[in-house]
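Peer 1: My numbering applies: residue 3 is where the sequence shown begins, and numbers increase by one.
Before I ask anything, here is the structure I am working with.
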Amino acid sequence: MPPEFVKSDPSMWEAIYADPSIPLDRPLVRMIIKDQRRVSRRYLYPIARIVSRVLVAVISILKRLAPGRWMSLRTMDALCLWFLRRFVAPDAVELLIRHFVVETNLVNFIIRNTPADIEPVTLRPTTLAGLGDNAVVEHDINVYDVLIALEGVDVEAPERLDFSHLDVPALDPERRHPRLMRLDIQTALCLMNIPFCIALSLEEFRRAIHSLRFDDSFLEILAVLTKDETYRHWKMGGLSLWMDTNVDVPQLVYRHALVCEYAHAHLSKIADGGR
Numbered sequence: 003m004p005p006e007f008v009k010s011d012p013s014m015w016e017a018i019y020a021d022p023s024i025p026l027d028r029p030l031v032r033m034i035i036k037d038q039r040r041v042s043r044r045y046l047y048p049i050a051r052i053v054s055r056v057l058v059a060v061i062s063i064l065k066r067l068a069p070g071r072w073m074s075l076r077t078m079d080a081l082c083l084w085f086l087r088r089f090v091a092p093d094a095v096e097l098l099i100r101h102f103v104v105e106t107n108l109v110n111f112i113i114r115n116t117p118a119d120i121e122p123v124t125l126r127p128t129t130l131a132g133l134g135d136n137a138v139v140e141h142d143i144n145v146y147d148v149l150i151a152l153e154g155v156d157v158e159a160p161e162r163l164d165f166s167h168l169d170v171p172a173l174d175p176e177r178r179h180p181r182l183m184r185l186d187i188q189t190a191l192c193l194m195n196i197p198f199c200i201a202l203s204l205e206e207f208r209r210a211i212h213s214l215r216f217d218d219s220f221l222e223i224l225a226v227l228t229k230d231e232t233y234r235h236w237k238m239g240g241l242s243l244w245m246d247t248n249v250d251v252p253q254l255v256y257r258h259a260l261v262c263e264y265a266h267a268h269l270s271k272i273a274d275g276g277r
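Given below as structure tokens:
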């Protein structure tokens, strides 16, 4: 009988990378792991997370007394683009741009495979500059528009699925720009959440947060359309009928991005015949 083999010092990151249940391509997994292993993720993120929640809570309270926009959306976009160019690692910026494309692909897949009376979404930025022009607000509105368009529609698997336009084009995170810091994406989300709260009205900010609760709704729709139970395994158990905006927004945004990546990767696999 061969002696039992026990690895004395297993690596958490090696195990995550090797995990066969992760449907993502290995280069993408490697990029995400690299981002999570940044020094800022370990030492700055815990502080940024607390500071962000406190400041957003204070701003929200003050906005009840003085409602409205405290910053134009154009200024918010310019500030965030400047921050991403100078303080956020290019790989993290690429992951952020990629999310907009991936979620649009998922939204358009649902539109093309249901009788929803709505045109496909066009928000597919390929450059950092493409995140301007109210892209963040438009990104949230697209989620609401497609769900409203599905009112009264029988969502069921079509005879033949339309898998067109699931590609992710080459993305430009502007690596040529010198960075003063190379923050990870979670720390960056914590810091960018502050100008979002300042620029958006309270109702817009609540709407943006609540859009994250529709992840389970989209996963259920994808499960029905594809007749694939896998999508239901990634549900969080959040109910879209339950309005609660007192949450850790950057953390939920990060999970939302991962769920979209999982769903998109699995959809691409189905499109390729399950390979």
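No residue lacks a Cβ here, since even glycine has one placed at the ideal position from N, Cα and C.
All values reported here derive from a predicted model rather than from experimental measurement.
#1: Apart from the five residues on each side of it in sequence, which residues of its chain come closer than 6 Å, Cβ to Cβ, to residue 114?
#2: Is DSSP giving residue 174 helix, strand or coil here?
#3: Which residues in the same chain have their Cβ closer than 8 Å to the Cβ of residue 43, if we skip the five residues on either side of it in sequence?
#4: CB residue 267 to CB residue 26, shorter than 8 Å?
#5: In the DSSP assignment, find the unbroken alpha helix (DSSP H) run with residue 146 in it and report its ends.
#6: Whole angstroms are fine: how far does the CA of residue 47 sit from the CA of residue 191?
#7: Looking only at its chain, what residues have a beta carbon closer than 6 Å to the beta carbon of residue 270, apart from the 5 residues adjacent to it on each side?
#8: Name the one or two DSSP bridge partners that residue 90 has.
#9: In angstroms, rounded to a whole number, what distance separates the CA positions of residue 183 and residue 85?
#10: Give the DSSP-derived three-state secondary structure of residue 129 in the structure shown.
#11: Specify whether the region 59 to 67 and the region 127 to 135 touch according to this definition: at least 3 beta carbon pairs, one from each stretch, less than 8 Å apart.
#12: Tell me whether the region 208 to 220 and the region 243 to 262 touch, counting them as touching only if at least three CB pairs, one residue from each stretch, are closer than 8 Å.
#13: Between which two residues does the alpha helix (DSSP H) carrying residue 155 extend?
#14: So residue 83 and residue 130 are supposed to be a Cβ contact under 8 Å. How far apart are they, rounded?
#15: Is residue 240 close to chain E, meaning its C-beta is less than 8 Å from at least one C-beta of that chain?
#16: Put residue 179 into one of helix, strand or coil per three-state DSSP.
#17: What residue range does the alpha helix (DSSP H) around residue 116 cover?
#18: Give the single residue among 149, 76, 172 whose Cα lies nearest to the Cα of residue 119.
#19: Tell me whether residue 244 is buried or exposed, calling it buried when 16 or more other Cβ atoms sit within 10 Å of its Cβ.
#20: Using the three-state DSSP reduction, which class does residue 268 fall into: helix, strand or coil?
#21: Measuring alpha carbon to alpha carbon, tell me which residue in 100, 180, 160 is nearest residue 89.
#22: Just verifying my parser: in three-state terms, what is the DSSP assignment at residue 104?
#23: Taking buried to mean at least 16 other C-beta atoms within 10 Å of its own C-beta, is residue 29 buried or exposed?
#24: Please name the residue, chosen from 202, 196, 206, 155, that lies closest to residue 59 on a Cα-to-Cα basis.
#25: Measure the alpha-carbon distance for residue 79 versus residue 11 and round it to whole angstroms.
#26: Please report how far the alpha carbon of residue 4 lies from the alpha carbon of residue 19, in whole angstroms.
#27: Can you tell me whether DSSP reads residue 202 as helix, strand or coil?
#28: Exposed or buried, residue 41, counting other C-beta atoms within 10 Å across all chains shown (16 or more means buried)?
Peer 2: By the coordinates alone:
#1: 164
#2: strand
#3: 37, 186, 188, 189
#4: yes
#5: 137 to 151
#6: 10 Å
#7: 168
#8: 185
#9: 10 Å
#10: strand
#11: no
#12: yes
#13: From DSSP, residue 155 is part of no alpha helix (DSSP H); its letter is neither H nor E.
#14: 6 Å
#15: As a matter of chain content, chain E is missing from the structure shown, which is built from one protein chain.
#16: coil
#17: Unbroken run through residue 116: none, as it is neither H nor E.
#18: 149
#19: exposed
#20: helix
#21: 180
#22: helix
#23: exposed
#24: 196
#25: 45 Å
#26: With a pLDDT of only 47 at residue 4, under the threshold of 50, the placement of this residue in the model should not be trusted, and no figure is reported.
#27: coil
#28: exposed
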